[in-house]
Amino acid sequence: MDILLQQIINGLVLGSMYALIALGYTMVYGIINLINFAHGEVMMVGALTSWTIIGLMQESMPGTPGYIILIIALIIACVVAATLNFAIEKIAYRPLRNSPKLAPMLTAMGMSLMLQTLAMIIWKPNYKSYPTLLSNTPIEIGGAVISPTQVMILAFTAVSLSVLMWLVNFTKLGRAMRATSENPRVAALMGVKPDVVISATFIIGAVLAAIAGVMYASNYGTAQHAMGFLPGLKAFTAAVFGGIGNLGGAVVGAILLGLIESIGAGYIGQLTGGVLGSNYSDIFAFIVLIIVLTLRPSGLLGERVADRA
């Protein structure tokens, strides 16, 4: 029972990080029907930027509390990621907006590879040890433990999701996003500027991805140039699982995927008679994707963002 509770906690933490990334995928798809395959690399840039800032601050400002360093690094990472995603949308995707769907998809894949290569050149291909900035003292919950870093991840995710839901449902920008998602031309006739809305969507997605990147690196204690690929792929799986284009579906899909993967990792040895270890837990994410695409291609809550307006 203790093992199950521990895996549930781990799954919620993992699912929270997937949710932040998945929301970026689903927001962009809901607005312009594009799968931004470079989104995982935006997360990676956020993580490596924060790693750089943390190193500089620890060297130049010794004695600064860890949480202060982390917050400053997180803010700078969000700014860098937002600027990067804004540039990607304007330079790589906007000129292809009216092209056949294959063109922007291939461009997105190319951007993903280019960002990985640039990150490898800038930060080198070796793994970076991500500093532990919060207390290591674990918190016990019914026989299971949760670290202060994991508590921070859950708290940041809850706050980020709450702010996003408020933004989408109760602000002028949110109404413009839903209108653009429904029909960009009609929205433009009503005074909405689709290009501005689309750029804002990419910026918001980048901020969420940067937060996820910092949280991911903090949780696992490492960062490197290819770290965004697998979490990005799993977050995309979660978005499809929940219903691509639906914000609530992305969150539900991400949490469920995190739980499935984590619980599967805890019991895969028993399920396979010891043949497979926990390092094979990734197969659960892709088994889920195959099943969902086969039985319910629209996902659990498959509807467009605009349908909720």
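With this note's numbering as the guide, the letters of the sequence shown map in order to residues 159 to 467. Backbone N, C-alpha and C define an ideal beta-carbon position, used for all residues, glycine too.
1) Measure how close the beta-carbons of Glu473 and Phe360 come, nearest whole angstrom, since I'm counting them as under 8 Å.
2) How is the alpha helix (DSSP H) around Ala384 delimited, first residue to last?
3) DSSP on Lys286, reduced to helix/strand/coil?
4) Can you list, in chain order, the stretches of the alpha helix (DSSP H) that have 4 or more residues and sit fully within the stretch 227–293?
5) Taking all protein chains shown into account, decide if Met219 is buried (16 or more other Cβ within 10 angstroms of its Cβ) or exposed.
6) Between Leu331 and Ala370, is the Cβ-Cβ spacing less than 8 Å?
7) Rounded to whole angstroms, what's the CA-CA distance from Lys286 to His383? Just pull it up for me.
8) Less than 8 Å between the C-beta atoms of Met267 and Phe195, yes or no?
9) Go through its chain and collect everything with a Cβ distance to Ala464's Cβ below 6 Å, but skip five positions before and after it.
10) Among the candidates Ile167, Leu291, Leu192, Thr265, whose CA atom is the shortest distance from the CA of Ile211?
11) What would DSSP say about Ala196, mapped onto helix, strand or coil?
12) Kindly give me the distance between the Cβ atoms of Leu242 and Val203, rounded to whole angstroms, as I take these residues to be in contact under 8 Å.
13) Starting from Val303, trace the alpha helix (DSSP H) in both directions and tell me its first and last residue.
14) Taking only the alpha-carbon atoms, compute the straight-line gap between Arg466 and Met269 and give it to the nearest angstrom.
15) Where Pro262 and Leu192 are concerned, what is the direct C-alpha to C-alpha distance, given to the nearest angstrom?
16) Count the other CB atoms, across all protein chains shown, that sit within 10 Å of the CB of Trp209; report buried if there are 16 or more and exposed otherwise.
17) Would you check if the distance between the CB atom of Gly169 and the CB atom of Ile421 is smaller than 8 Å?
18) Evaluate Met348 with the Cβ neighbour count: other Cβ atoms within 10 Å of its Cβ, from every protein chain shown; 16 or more gives buried, anything less gives exposed.
19) Where Thr222 and Asp353 are concerned, what is the direct C-alpha to C-alpha distance, given to the nearest angstrom?
20) Please report how far the alpha carbon of Met175 lies from the alpha carbon of Ile297, in whole angstroms.
21) Grouping DSSP H, G and I as helix and E and B as strand, with all else coil, what is Ile402?
22) Under DSSP, the alpha helix (DSSP H) around Asn191 begins and ends at which residues?
23) Got a sec? Which residues, its chain only, sit under 6 Å from Phe442 by beta carbon, not counting five neighbours each side?
24) Look up Glu298 in the DSSP assignment and give the residues it is bridged to.
25) So what's Val350 in DSSP terms, helix, strand or just coil?
26) Contact defined as beta carbons within less than 8 Å: I believe Pro389 pairs with Ile179. What is the distance between those atoms, to the nearest angstrom?
27) Using the Cβ count rule (16 or more neighbours within 10 Å means buried), how would you classify Tyr378?
28) If we ignore side chains and look at the alpha-carbon of each, how far apart do Tyr288 and Leu228 end up?
29) Do Leu405 and Val326 come within 8 Å of each other at the CB atom, strictly closer than that value?
30) Using a Cβ-Cβ cut-off of 8 Å (strictly less than) and excluding sequence neighbours within five positions of Leu162, which residues of its own chain qualify?
31) Determine whether the beta carbon atoms of Leu459 and Gly407 lie at a separation below 8 Å.
Straight from the coordinates:
1) The structure shown does not extend to residue 473, since the chain is modelled only from 159 to 467, so the question has no answer here.
2) Taken as a continuous stretch (DSSP letters only), Ala384 belongs to no alpha helix (DSSP H), as it is neither H nor E.
3) Secondary structure of Lys286 (DSSP, three-state): strand.
4) Whole alpha helix (DSSP H) segments, 4+ residues: 260–281.
5) Answer is exposed; the Cβ neighbour count stays below 16.
6) Leu331 places its beta carbon 8 Å or farther from that of Ala370.
7) A direct Cα-Cα distance of roughly 10 Å separates Lys286 from His383.
8) Result yes, Cβ atoms of Met267 and Phe195 sit closer than 8 Å.
9) With a pLDDT of 44 at Ala464, under the threshold of 50, the predicted position of this residue should be treated as unreliable, and no value is reported.
10) For Ile211, the nearest C-alpha among the options comes from Leu291.
11) Coil at Ala196, not helix or strand.
12) Indeed they touch by this definition, with Cβ atoms about 6 Å apart.
13) Counting along the chain, Val303 falls outside any alpha helix (DSSP H), though it belongs to the beta strand (DSSP E) covering 302–304.
14) Note that Arg466 scores a pLDDT of 43, beneath 50, so its modelled location is shaky and nothing firm can be said.
15) Roughly 7 Å between the two C-alpha positions.
16) By the beta-carbon neighbour count (other beta carbons within 10 angstroms, threshold 16), Trp209 is buried.
17) With contacts defined by Cβ atoms closer than 8 Å, Gly169 and Ile421 form a contacting pair.
18) Counting Cβ neighbours within 10 Å, Met348 comes out exposed, since fewer than 16 surround it.
19) Rounded to whole angstroms, the separation of the alpha carbons of Asp353 and Thr222 is 41 Å.
20) Between Met175 and Ile297, the C-alpha separation is close to 20 Å.
21) Looking at Ile402 - three-state DSSP - the assignment turns out to be coil, as it is neither helix nor strand.
22) Run containing Asn191: none; DSSP gives neither H nor E here.
23) Counting only Cβ-Cβ distances below 6 Å, and skipping sequence neighbours, we find Ile418, Glu419, Gly422.
24) Per DSSP, the beta bridge partners of Glu298 are Val303.
25) Val350: coil per DSSP, three-state reduction.
26) About 6 Å; that satisfies the 8 Å criterion.
27) Exposed is the call here.
28) As the crow flies, the alpha-carbon of Tyr288 is around 11 Å from that of Leu228.
29) In contact: Val326 and Leu405 (Cβ atoms closer than 8 Å).
30) Cβ contact annotation for Leu162 (same chain, cutoff 8 Å, sequence separation greater than five): Ile421, Gly424, in chain order.
31) The answer is yes: Cβ separation under 8 Å.
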